[in-house]
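Accompanying notes for the structure given below.
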DNA sequence: ATGGGGACTGGAAGCGCTTCCAGAAATGTC
DNA sequence: GACATTTCTGGAAGCGCTTCCAGTCCCCAT
């Protein structure tokens, strides 16, 4: 680089020499291993301070076979959709836990083929000590790649048809049930649902929660439209449902964004919320508090998801056998239901 | 870990042995260095394939003194505010460039003291080959830490009172001028501004752009209120300004979120936009297209910022001397002005 | 005095790769 | 056919750390 480094960083050998001890001794004080005498320790510490010595991470990694780095791999159809605050929340959660350790976070946006092969490479080259994976699609090839790596792997959410050994997931099923039960408790009977993509585990689980709640209450599922978790998608689905079931009196939308779209359509159609139609969303994003009326929704903590993923990975790396987690969701009552 | 790795990954020595050549020869084909005969190359390639060999990243890093990792360090007062899509955009831009190389991205959320010392450590321990820094506050201690590391450093945005050697920045000054000039061209004369924090370079630059445009047009700056880039802050500032300058006929808000807040207050106050009051924002976030009326604003591409930062860092690592960049901003005309 | 056991120590062998170098082999030149 | 080049090769020395191991030293019970 153009901004020259004045001189090499000092090495452990130099520290040892200056302290008048062997390199092994110096290494021992560095890792504060047992069997180091007071004078040795002090001499080494003095030398370290005087030289401004910092152990070289790479060298240590080679010797210990531990890189001190864990990866978070994110997959999404559209790389630009990484901008979804969802991912940011995961990262915040993960970082919060890692901050307490001396592990660092490597971020892999692995949507493209190129990204996937980079990830494969990273794993096989033992570039990280473990990996957290958020693959949102059912049949994401990442899942296989990562499981084959022979490294500790924690999944965020579950792929559609397989149960990974270690995962952290939100209780989507339970949350959707909660939402639907709330609507039923309100006396609504003609409850429809707007689902996310049924090809994702999240979409499927939230839909199943709705169905189960309806059936448990002795009712047939009243109507559903598959959408894509977006506001525009939610609006389109709502139009469709109004058309097919003009007498609907409640809707459970599997995401807040879709709920927001639905709210807009309902208002345009002259239905008042919650009087004519009660609406419940899912996610409890910021948007939920800002709709008109404010959205009753199912809360899940994405930061907590990130945190638990990181904790689980740490445990795995430490050789423990943690158990997979399903994080609780809860109903937040606001104005729309 | 509990999921046992079946067996060690093969090493280059084993590849060499199997191919019947020396380790140096094998290394040469790996890095396709010159002076490798056809038969040697083929024998090694065959052995690699048969063994499923992958060069160990750490070992290579130690030998070459290049980790193949670059860091992106983000600093913010409130770590939770990392959820701002701004950062996600930067990451998307950076990743897009890195994807074409074989460098990986290490993400450091370094708001806390702990985060900062971790970063310091990482740099001094030569854990990365270079670093990109987004320090939003003027006197962020990160700036000093990073500059002292003796590693290639690229700044995103400029700290308040210093000009880093290598940076990429949006043309905040020019954009603010553009916005104000647009308002002037519309015949508005009583133009006020809502600024972001003046302790940040962005806040200061956008305010200066407003002032300069006013003065160039032969007018005194008509009124300003310092805010904090948020919607709530923008609303509060707008109230203040309406109070102090009831006859204002235009407002330049230094962020779209503040503009959205201002719009809300104006509408509550019975002022129609743009008839009574013209409004221009800054950033061109998604929210700008969704306000009522849609917001005329200054566009800047955060992804491009990320991309250019990454490119600049690559150049620096390659030993070149790139030149700092100021990315253009442009006016997007929508309904509010 | 004697031996047994802990507390320390430094030498040496790695970790898995790159790279320098001296020399062998192949090629070219007249 | 003699010589200078050029291509190719493997040995060996790193990169900067950890860790095993065989000792040395010292203290205390016998």
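Residue numbers (UniProt numbering), protein chains in the order written: chain A, 1 to 337; chain B, 1 to 337. Positions of the beta carbon are idealized from the N, C-alpha and C atoms, including for glycine.
Could you check if residue 5 of chain A is buried or exposed, using at least 16 other CB atoms within 10 Å of its CB as the buried criterion?
The pLDDT assigned to residue 5 of chain A is 40, lower than 50, so where the model puts this residue is not dependable, and the model offers no usable value.
Closer than 8 Å by beta-carbon distance: list the chain B residues that pair up with residue 229 of chain A, in chain order.
Residues of chain B passing the Cβ test: none, with the nearest at roughly 16 Å.
Which residues DSSP lists as bridging residue 73 of chain B, in chain order:
B:108, B:133
What do you get for residue 161 of chain B, buried or exposed, if any count of 16 or more other CB atoms within 10 angstroms of its CB means buried?
exposed
Residues of its chain near residue 203 of chain A, where Cβ-Cβ distance is below 6 Å and the 5 sequence neighbours each way are ignored:
195, 196, 197
Going along chain A in order, which residues have a C-beta closer than 8 Å to the C-beta of residue 99 of chain B?
109, 112, 114, 115, 118
Name, in chain order, the residues that DSSP records as bridge partners for residue 252 of chain A.
A:193, A:280
Please confirm if residue 217 of chain B has its CB atom under 9 Å from at least one CB of chain A.
no
Quick one: list the residues of chain B neighbouring residue 106 of chain A, beta-carbon separation under 9 Å, in chain order.
69, 104, 105, 106, 107
Counting only C-beta atoms, is residue 121 of chain A closer than 9 Å to chain B at any point?
yes
Status (buried if at least 16 other CB within 10 Å, exposed otherwise) for residue 321 of chain B:
exposed
Could you check what DSSP says for residue 202 of chain B in three-state terms: helix, strand or coil?
helix
Where residue 12 of chain A and residue 65 of chain B are concerned, what is the direct C-alpha to C-alpha distance, given to the nearest angstrom?
16 Å
Between the segment 114 to 129 of chain A and the segment 138 to 158 of chain A, are three or more C-beta pairs nearer than 8 Å?
yes
Looking at the structure shown, is residue 299 of chain A part of a helix, part of a strand, or coil, going by DSSP?
strand
Just how far apart, CA to CA, sit residue 41 of chain A and residue 26 of chain A?
8 Å
Just to confirm the assignment, what range does the beta strand (DSSP E) spanning residue 155 of chain B have?
153 to 156
Cα separation between residue 332 of chain A and residue 217 of chain B?
Rounded to whole angstroms, residue 332 of chain A to residue 217 of chain B spans 53 Å at the Cα level.
How would you call residue 22 of chain A, buried or exposed, if buried means at least 16 neighbouring beta carbons within 10 angstroms?
exposed
Do you know how far the Cα of residue 119 of chain B is from the Cα of residue 9 of chain A?
17 Å
How close, in whole Å, do the beta carbons of residue 269 of chain B and residue 251 of chain B come, if the pair is a contact with beta carbons under 8 Å?
No, residue 269 of chain B and residue 251 of chain B are not in contact; Cβ-Cβ is about 12 Å, not under 8 Å.
Counting pairs of beta carbons, one from the segment 87 to 100 of chain B and one from the segment 304 to 324 of chain B, are three or more of them closer than 8 Å?
yes
For the segment 47 to 56 of chain A against the segment 77 to 91 of chain B, are there 3 or more C-beta pairs whose distance is under 8 Å?
No, the segment 47 to 56 of chain A does not touch the segment 77 to 91 of chain B.
Cβ distance (whole Å) where residue 317 of chain A is taken to contact residue 130 of chain A below 8 Å
5 Å
If we define contact as Cβ-Cβ less than 9 Å, is residue 65 of chain B a contact residue for chain A?
yes
Please classify residue 1 of chain A: is it buried, with 16 or more other beta-carbons within 10 angstroms of its beta-carbon, or exposed?
The pLDDT assigned to residue 1 of chain A is 38, lower than 50, so where the model puts this residue is not dependable, and the model offers no usable value.
Bridge partners for residue 262 of chain B per DSSP, in chain order?
Answer by DSSP bridge pairing: none, since residue 262 of chain B is not bridged.
Determine whether the Cβ of residue 58 of chain A lies closer than 9 Å to any Cβ atom of chain B.
yes
Taking 6 Å as the limit between beta carbons, can you name the residues of its chain near residue 326 of chain A, skipping five residues before and five after?
169, 171
Out of curiosity, what's the CA-to-CA distance linking residue 20 of chain A and residue 89 of chain B?
52 Å
Any C-beta of chain B under 9 Å from that of residue 3 of chain A:
Reliability fails at residue 3 of chain A, whose pLDDT of 38 lies under 50, so the model's placement of it is uncertain and the value that follows must be treated cautiously. At least one chain B Cβ lies under 9 Å of residue 3 of chain A.
Answer with yes or no whether the minimum CB distance from residue 92 of chain A to chain B is below 9 Å.
yes
Same chain only: Cβ atoms within 8 Å of residue 249 of chain B, ignoring 5 sequence neighbours per side:
188, 189, 190, 191, 276, 277, 278
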